[in-house]
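Trainee:
Residue numbers (mature numbering (1 follows the signal peptide of the UniProt record, and there is no 0)): -26 to -1, 1 to 321.
#1: Note down, in chain order, each residue of its chain lying with its Cβ closer than 6 angstroms to the Cβ of residue 312, except the 5 sequence neighbours on either side.
#2: Where DSSP assigns a beta bridge to residue 96, which residues make up the other side?
#3: Tell me whether the beta-carbon of residue 91 lies closer than 9 angstroms to the beta-carbon of residue 283.
#4: Check residue -2 in the structure and name its three-state DSSP category.
#5: Helix, strand or coil for residue 23? Go by DSSP, reduced to three states.
#6: According to the neighbour-count rule (16 or more other Cβ atoms, all chains shown, within 10 Å of its Cβ), is residue 202 buried or exposed?
#7: According to DSSP, is residue 83 part of a helix, a strand, or is it coil?
#8: Does the segment 288 to 297 come within contact of the segment 253 to 272, defined as at least 3 CB pairs closer than 8 angstroms?
#9: Between the C-alpha atoms of residue 185 and residue 164, what's the straight-line distance to the nearest angstrom?
#10: Is any beta-carbon of chain D found at less than 9 angstroms from that of residue 4?
#11: Nearest to residue 302 by alpha carbon, out of 144, 277, 289?
#12: Between which residues of its own chain and residue 102 is the CB-CB distance below 7 angstroms, once the five residues before and five after are set aside?
#13: For residue 196, name the three-state secondary structure that DSSP assigns.
#14: Excluding sequence positions up to five away, which residues of its chain have a Cβ less than 7 angstroms from the Cβ of residue 216?
#15: Taking Cβ to Cβ, would you say residue 98 is nearer than 9 angstroms to residue 305?
#16: How many angstroms separate the CA atom of residue 394 from the CA atom of residue 243?
#17: Is the Cβ-Cβ distance between residue 30 and residue 16 less than 9 angstroms?
#18: Beta carbon of residue 61, beta carbon of residue 23: below 9 angstroms?
#19: Closer than 8 angstroms by C-beta to residue 172: which residues in its own chain qualify, once you throw out the five before and the five after it? Chain order, please.
#20: Given this structure, state the Cα-to-Cα distance separating residue 314 from residue 247, to the nearest angstrom.
#21: Rounded to a whole number of angstroms, what is the C-alpha to C-alpha distance between residue 278 and residue 192?
#22: Between residue 316 and the rest of its own chain, which residues show a CB-CB distance below 7 angstroms, the 5 nearest in sequence each way excluded?
#23: In terms of alpha-carbon separation, which member of 81, 320, 124, 116 lies closest to residue 281?
#24: Pull the bridge partners of residue 280 from the DSSP assignment, please.
#25: Where residue 32 and residue 88 are concerned, what is the direct C-alpha to C-alpha distance, given to the nearest angstrom?
#26: Using 10 angstroms around the beta-carbon of residue 112, count the other beta-carbons present and answer buried if the total reaches 16, otherwise exposed.
#27: Tell me the start and end of each unbroken beta strand (DSSP E) in the segment 148 to 217 that is at least 3 residues and wholly inside, in chain order.
#28: Which residues bound the alpha helix (DSSP H) around residue 66?
#29: Helix, strand or coil: how does DSSP classify residue 129 here?
#30: Out of 110, 64, 127, 299, which one is the CA nearest neighbour of residue 93?
#31: Going by C-alpha distance, which of 7, 222, 153, 132 is nearest residue 105?
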């Protein structure tokens, strides 16, 4: 075997270094004069070639359609807040991309996002479906972890609490993970200002807490004072970051940098700890850490869409499904190992 085969964390470091070195290109599509002219004409006439944009029609009450159309939609569609401007942008974007494809040109971004096709009421159907599937995997992992600890492993006779010292930390992790993936599914179904803020905020909270869990477990910190000393500065930083995004500026570039650094830090921590301690589940830990680093790399490279539905983010979401399953498998094996070790000491 080569050097990378004998030292898997070197491959992890290589992936991380590549991810940090990537520079994401700026948006180009919304600067295209043909796209701008298309949107302006669509908003003025309410049509695009043979397609009629019903959101641009003026209702009978005489109020501007751009403000009031969505109130005439069914209740299950009103929350999407689609209007004349957003519909014209979408249809003109698709029209320009079809023209560019015929000329053999690669897709470009519009208003900071790749051109992805809708499916029914879903703006990014593949990403929304993968997020929902990961949510199910996270729920299954947390539930199986709960059942293992409270119904299969022995409990402390005097308190009926688990022997595993990190039980509460993993429960909080599971709740934050499910909350994050829930808002990921909502955001990819409908991208509005409030769904975007909830998606970014929940993801930052989840990743920040994941870093706390990584530090506490890898350093084997079990007393409350040490845990508070580790958690307090990270919680303060993450809270400040979330408040900044929600009440000052929704800076997507800054959020991506913060989340990438947190993800890389915990990947390195877990991988190094698994190798140094030779944990029974070290292969799972290393695989998840390498997969997480690869996901950061894919997100940073921002792969253009293929077939109208698949982009770099969708690939990252697909990678998260098996990684989530393996991660909860490690959590259960870690609980079994620690419980067994504590029981041996008490006998």
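Beta carbons are placed, not taken as given, at the ideal position from N, Cα and C, and that holds for glycine.
All values derive from a computational prediction rather than experimental measurement.
Mentor: On the basis of the supplied data:
#1: 138
#2: Among the bridge pairs identified by DSSP, residue 96 is matched with 93.
#3: yes
#4: With a pLDDT of only 39 at residue -2, under 50, the local geometry of the prediction cannot be trusted, and no value is derived from it.
#5: coil
#6: exposed
#7: coil
#8: yes
#9: 29 angstroms
#10: Of the chains in the structure shown, none is chain D; there is only one protein chain.
#11: 144
#12: 96, 159, 162, 163
#13: Reduced to three states, the DSSP call for residue 196 is coil.
#14: 175, 178, 179
#15: no
#16: Nothing in the structure corresponds to residue 394, since the chain is present only between -26 and 321.
#17: A contact, by the Cβ cut-off of 9 angstroms.
#18: no
#19: 157, 160, 161
#20: 20 angstroms
#21: 37 angstroms
#22: 137
#23: The option with the nearest alpha carbon to residue 281 is 81.
#24: 284
#25: Note on residue 32: pLDDT 47, under 50, position unreliable in the model; the coordinate value appears next. If you take the alpha carbons of residue 32 and residue 88, they lie about 30 angstroms apart.
#26: Looking at its Cβ environment, which holds 16 or more other Cβ atoms inside 10 Å, residue 112 is buried.
#27: none
#28: Boundaries of the alpha helix (DSSP H) around residue 66: 58 to 76.
#29: strand
#30: Nearest of 110, 64, 127, 299 to residue 93, Cα basis: 64.
#31: 153
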